[in-house]
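In terms of my numbering, the sequence shown opens at residue 1 and continues consecutively.
Ideal Cβ placement from N, Cα and C applies to all residues, glycine included.
These notes concern the structure reproduced below.
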Amino acid sequence: MNAQQLSHRLTRVAHHVPKHAVIADIGSDHAYLPCYLVLNGVVSKAIAGEVVKGPFESAKKQVRQEGLTAQIDVRLASGLDAIFPEDGITAVAIAGMGGPLICSILEQGKGRLDGVERLILQPNVHAKSIRDWAVANSWDIVAEEILKENDKIYEILVLERTQSPVTWSPQQLLMGPELLKNQTAIFHEKWKRESDQWKKIVASMESTAQTIEIIEKKQELIEKIQLVEEVLHHENS
């Protein structure tokens, strides 16, 4: 992978960046995504934010190599501290982290999201936490994707601000309102895997001391299994 040829996962993230957006890529690593977007004429200006010194230096080097130092500003900062009002950021991408970490970045940097119209988020795990955050903060999900790369399954969530109250069912929060509408083979593979894993955990809990915490956790998993199996069995019937 490089700035001209992204991985399948990052190519799909790039697909959701609006034309002429001013993009901030948080946790940019090698700055491949902003470089790709500028090189392909999707955006003309980008911020690459990175909290770790090594990847920050890699990103600066990559931007220099591509001759894009005038268009891409690489900043060493934690989360959304990388962006300022004068940047005029209209879209934020956060890819390749766990869902809870992405939520924590968004929550801690909420004050810096003024003017941001779209969030393109690609959690490696626990996408539900992002849906929960979206509901609590008046962001709607306008698109979702599920894809497989190197035997790992990833989800992409595209959020835009909404004035209307956002309400989703427990099933939609868990599995994705847009993904449920268009269920792919990868979607079914993911949820079969998850359900099987949860069943193993529940079975192992049967032989442990039944503390309140264990009983509550077991009930939570049983409810998730039921939500998933309703969908999988409906499709198979």
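Assignment of ALA93 by DSSP, reduced to helix, strand and coil, places it in the strand class.
Following the DSSP letters along the chain, one finds GLN122 in no alpha helix (DSSP H) but inside the beta strand (DSSP E) bounded by residues 118-123. Here VAL231 carries a helix assignment [DSSP, helix/strand/coil]. ILE130 is positioned such that its CB atom lies no closer than 9 Å to that of ILE146.
The three-state secondary structure of GLY79, taken from DSSP, is helix. According to DSSP, residue pairing for TYR36 in a beta bridge does not occur. The residue among LYS190, ILE89, VAL166 with its C-alpha nearest the C-alpha of ILE23 is ILE89. Unbroken beta strand (DSSP E) runs of no fewer than 3 residues, entirely contained in the stretch 121-179, are found at 139-149, 152-161, following chain order.
In this structure, VAL38 keeps its C-beta atom at 9 Å or more from the C-beta atom of ALA21. Between the alpha carbons of SER164 and SER138 lies a gap of roughly 7 Å. Rounded to the nearest whole angstrom, the CA to CA distance from VAL17 to SER58 is 23 Å. Per DSSP, the unbroken beta strand (DSSP E) holding ALA24 starts and ends at 22-26. By the 16-neighbour rule on beta-carbons within 10 angstroms, PHE187 is buried. For GLN226, the closest alpha carbon among the candidates LEU174, ALA31, GLU66 is that of LEU174. The beta carbons of GLU107 and ALA91 sit no closer together than 9 Å.
Judged by beta-carbon spacing, GLY79 lies within the 9 Å limit of GLY49, meaning their Cβ atoms are closer than that value. A residue is called buried once 16 or more other Cβ atoms fall within 10 Å of its Cβ, and GLY115, having fewer, is exposed.
Following the DSSP letters along the chain, one finds ALA46 inside the beta strand (DSSP E) bounded by residues 45-50.
Contact check for ILE105 against VAL74 fails: the beta carbons are separated by 9 Å or more. Rounded to whole angstroms, the gap between the alpha carbons of GLU213 and HIS15 is 43 Å. Residue burial is scored here from C-beta neighbours: ARG64 has fewer than 16 other C-beta atoms within 10 angstroms and is therefore classed as exposed. Under DSSP, ASP73 takes part in a beta bridge, and its partners are ILE47.
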